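Trainee:
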Amino acid sequence: MSTAMLMEWAGVTQDQYNQVMRTLNLDKDPAAGGILHVAGFTAGTLHVLDVWESQQAFEKFQKDRLAAAVQKAGITSQPKVQFYPVHNIYVPNLEFIRKAGSTSLPSAA
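Under our numbering, the first residue of the sequence shown is numbered 1357, with each subsequent residue one higher.
1. When DSSP builds the beta bridges, which residues end up paired with tyrosine 1440?
2. If you scan the segment 1366-1449 from start to end, which runs of the beta strand (DSSP E) of 3 or more residues do you find wholly inside it?
3. Of all the options Thr1401, Met1361 and Asp1371, which has the alpha carbon lying nearest to the alpha carbon of glycine 1390?
4. Count the other C-beta atoms from every protein chain shown that fall within 10 angstroms of the C-beta of methionine 1377, then say buried if there are 16 or more, exposed otherwise.
5. If you pair each beta-carbon of the segment 1364-1372 with each one of the segment 1425-1443, do three or more pairs fall below 8 Å?
6. Within the same chain, show all residues whose beta-carbon is closer than 7 Å to that of glutamate 1409, passing over the 5 residues directly before and after it, in chain order.
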């Protein structure tokens, strides 16, 4: 069953997030089991909403790849993470998602 992962990570900067994403190189080496990734910032906190094939898929990605990328970016704090089963996914504008999600790196704009 697909799983949603909500993460709040206080103190992570946009530059650190961008460095993590560059290190992960998800465009050429996608995360096994990853379905959707959305990230944004408010008041000095990184907010992430991911959809994964399972919680175990995220946990394996975190252990095998994400932890090293986070360490390389100099992030020493820990996030608050919640998981819950996905009940529904609705995408009313799939073409927008295709364009917006064409690269794992944030736009320069």
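Just so it is clear, CB atoms sit at the ideal spot from N, CA and C, and this is done for glycine as well. All figures in this text were calculated on a predicted structure; none of them were measured in a lab.
Mentor: Well, looking at it:
1. Ala1360
2. 1390-1398, 1401-1408 and 1436-1441
3. Of all alpha-carbon atoms in Thr1401, Met1361 and Asp1371, the one lying nearest the alpha-carbon of glycine 1390 is that of Met1361.
4. It is buried - the Cβ of methionine 1377 has at least 16 other Cβ atoms within 10 Å.
5. Contact between the segment 1364-1372 and the segment 1425-1443 is present, because at least three Cβ pairs lie under 8 Å.
6. Ser1358, Gly1389 and Ile1391
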